[in-house]
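The structure under discussion appears below in the form of structure tokens.
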Amino acid sequence: MKALTKAEEDIMQVLWQLENANVKQIIDFMPEPKPAYNTVSTIVRILESKGFVDYKKQGKGHIYFPILKKQDYSNQSINKLVDNYFQGSFKSMVSFFVKKNDISLNELESVLKEINKEE
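Using UniProt numbering, read the sequence shown as starting at 1 and increasing by one per residue.
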């Protein structure tokens, strides 16, 4: 899976929320300052060429929708983070975040309960 730039990821976040949208709807959903129409249109076409987005024709325009599920992209991104910065060790990653972000014992126990629920 190809990596996304920050701008591409911003567009994907919007499409994952909206599920499908034309360029104008994507722009309307984005925070201020709004990007230019041509910028968003170009990024959406790049996402299409990377295999993240597809479209269906509607009148003279296109309605874009994500092909890749947000969960799949999130999993790939987390795995890349763990591999690149924590030598592939989730334990090292969790330890880092606990130490650097001052996570309380209660918060850590809550996280463990959530993990155990999903197994």
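Don't be surprised by glycine CBs; every beta carbon is placed ideally from N, CA and C.
None of these values were measured; they are calculated from a predicted model.
| query | result |
| --- | --- |
| Per the DSSP calculation, Ile63 is bridged to which residue(s)? | Lys56 |
| Pick from Tyr73, Gln71, Ser92 and Ala21: whose alpha carbon is nearest that of Lys57? | Ala21 |
| Considering just the uninterrupted stretch of the alpha helix (DSSP H) at Asp83, what are its terminal residues? | Lys70 to Tyr85 |
| In angstroms, rounded to a whole number, what distance separates the CA positions of Lys113 and Ile78? | 20 Å |
| How is the alpha helix (DSSP H) around Ser95 delimited, first residue to last? | Phe90 to Lys100 |
| May I have the straight-line CA-CA distance separating Gln25 from Leu105, to the nearest angstrom? | 43 Å |
| Once the 5 residues before and after Gly61 are set aside, which same chain residues still bring their CB inside 8 Å of it? | Asn22 and Val23 |
| In the DSSP assignment, what residue or residues form a beta bridge with Ala21? | Tyr64 |
| What are the boundary residues of the alpha helix (DSSP H) that Leu4 is part of? | Taken as a continuous stretch (DSSP letters only), Leu4 belongs to no alpha helix (DSSP H), as it is neither H nor E. |
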